[in-house]
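The sequence shown maps to residues -1 to 155 in this note's numbering. Every residue, glycine too, gets a C-beta built ideally from N, C-alpha and C. Computed from a predicted structure; not experimentally measured.
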Amino acid sequence: MTNHTLRRDTSAAATELGYIFTFLLGVLLMTMFSIWAWGIETSTRERWNDEAIVANMDDLVEAVERANQASRIDNATYAEWVTWRPTEADESLMTLELHIDSLELLDDSAREGYSVPHSGTGKAVQNGTLPLAGISTIWIVLEDGQIYLSADRPQFD
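This is the structure:
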């Protein structure tokens, strides 16, 4: 018959504690990696969003400049459409304002607005406001001595 005796063996407990600390270290490292990756993704998305807005504004100002050139011709009408690149920003809070020497993007959220200057050297009056909610195409129109922004295709007579 075998004789069983109890003895104090602490090596199993030490192994279990090692497993627990290893698991907690893994959780800590994965959390740090997740936060780091999220920060990179967020900053990249914001940079791409800003670049898309700047490219959109540049395209619109170039079209306004072409409308300015067309306004130097007497009784001229001109229309050009620009496709608004999609952005991550909430465009329902954005409004474009055309002024005599600049095009401004006003944003009601916490973000800063953008302003791009243009020459304003044409004969036409330049003004207008256009909310960007749901718009993918913006028309720059010269009609009756006025350059304005429109979401709808102009119907010239």
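Identified DSSP bridge partners for residue i
i: S113; result: E102
i: T81; result: T135
i: G126; result: L96
i: L4; result: DSSP output for L4 lists no bridge partner at all.
i: S148; result: W137
Run of the alpha helix (DSSP H) containing residue i, from where it starts to where it stops
i: A87; result: Neither: A87 is in no alpha helix (DSSP H) and is coded neither H nor E.
i: S9; result: S9 to S69
C-alpha gap between residue i and residue j, whole angstroms
i: H116; j: N47; result: 23 Å
i: S90; j: N54; result: 16 Å
i: D56; j: T127; result: 17 Å
i: F21; j: L15; result: 10 Å
i: A131; j: G24; result: 45 Å
i: L4; j: T13; result: 20 Å
i: E49; j: P84; result: 11 Å
i: W82; j: L94; result: 12 Å
i: M92; j: I51; result: 11 Å
i: G242; j: A87; result: There is simply no residue 242 to check, as the chain begins at -1 and stops at 155 in what is shown.
i: T8; j: W34; result: 39 Å
Where residue i falls, given that 16 or more other Cβ within 10 Å makes a residue buried
i: G143; result: exposed
i: V59; result: buried
i: N1; result: exposed
i: V62; result: buried
i: Y17; result: exposed
i: A11; result: exposed
i: A65; result: buried
i: L101; result: buried
i: I145; result: buried
i: L27; result: exposed
The beta strand (DSSP E) enclosing residue i, as first and last residue numbers
i: Q153; result: That residue, Q153, is in no beta strand (DSSP E); it is neither H nor E in DSSP.
is_contact[residue i, chain B] using C-beta, thresh 7 Å
i: A11; result: The chain inventory of the structure shown lacks chain B, comprising one protein chain alone.
Proximity test, residue i beta-carbon vs the ligand PLP heavy atom, cut-off 6 Å
i: L128; result: In the structure shown, the ligand PLP is absent, as is every other ligand, since no ligand is present at all.
Quick check: the segment 132 to 152 against the segment 65 to 78, are at least 3 beta-carbon pairs closer than 8 Å?
yes
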